[in-house]
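Protein chains in written order, with our numbering: chain A, 106 to 301; chain B, 42 to 124.
Every residue gets a Cβ at the ideal spot worked out from N, C-alpha and C, and that includes glycine.
This structure is a prediction, so every number in the text was calculated from the model and none was measured.
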């Protein structure tokens, strides 16, 4: 992995530990490159956008996705595999009545294979503590105000179970292609802190 | 007793702050910590549950996310006699 010239104390300590591990033969630079390549390039929110767009245009896929997401993902060339342990993905569908939000109150469990590494706010104690007790207040901080009649369901992810929100398809998008629909989806929409 | 990481429903952490156009990593060392952890688990120096446990018992809310990861990695490697 390429050297950097960050002179902060923590950067120096990380470099020092890496050097010790390399010297002991417990780590090699190429291994780090491969790990980064796999998780920061291959795993990106673009995968999640494709899942949503396909579910919007294909009712059969949507039904299979909601039933057993791990089994449905390979239909579009994606998978929940490749991680350090098996994870079951649960796709939760927003409706007129219910809006879903995901969190990991204990740490940072997240569907990384589909969305890439999570944003800092998702991992922050502020989000994790509050979205379970005051979800409307937290969503408002993201600029999302839902009608009082909409029920908010919060899903707490863990080591074995990950969640992905299937947002509602925006109105007047019947004329758009699947490819165009992928561009309407945002990462926050898949977490539930945005409508789409 | 719940550990320090178990924050669900607690008060006092302030508002949620979203960074617009946030990069995946804020500094190269964060990417190194992320990759190093995967590689070390891949080699079997410790496993994912041990890593989670180490984060939970060594973390501080004063430290950043990847600072907490780095502290956990160092702790595990020391405890297991690798460094």
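Under the three-state reduction of DSSP, residue 268/A is assigned to strand. Taking 7 Å as the Cβ-Cβ cut-off, the segment 103-115 of chain B approaches chain A at 106, 108, 111 and 115, given in chain order. At a cut-off of 7 Å, the C-beta of residue 111/A has a neighbouring C-beta in chain B. Beta-bridge partners assigned by DSSP to residue 193/A: 266/A.
Of the candidates 151/A, 235/A and 176/A, 151/A places its Cα closest to the Cα of residue 294/A. Under DSSP, residue 204/A forms a beta bridge with 257/A.
Within the segment 64-90 of chain B, the residues whose Cβ lies closer than 9 Å to some Cβ of chain A are 65, 66, 67, 68, 69, 70, 71, 72, 73, 74, 75, 76, 77, 78, 79, 80, 81, 82, 83, 84, 86, 88, 89 and 90, listed in chain order.
Using a CB distance below 8 Å, the part of the segment 144-178 of chain A facing chain B consists of 144 and 145, ordered along the chain.
Looking at the backbone, the Cα of residue 115/A and that of residue 104/B are separated by about 11 Å.
Contact with chain B is absent for residue 291/A, since none of that chain's Cβ atoms lies less than 7 Å from the residue's Cβ. A distance of 7 Å or more separates the beta carbons of residue 122/A and residue 82/B. Contact between the segment 71-82 of chain B and the segment 242-252 of chain A is absent: fewer than three C-beta pairs spanning the two stretches fall below 8 Å. In the same chain as residue 228/A, and ignoring 5 residues on each side of it, the C-beta atoms closer than 7 Å to its own belong to 213, in chain order. Per the C-alpha coordinates, the member of 230/A, 153/A and 226/A positioned closest to residue 210/A is 230/A.
Cβ neighbours of residue 123/B within its own chain (closer than 7 Å, five residues either side excluded): 86. Here residue 198/A is bridged, per DSSP, to 271/A.
DSSP places residue 51/B outside both helix and strand once states are collapsed to three, so it counts as coil.
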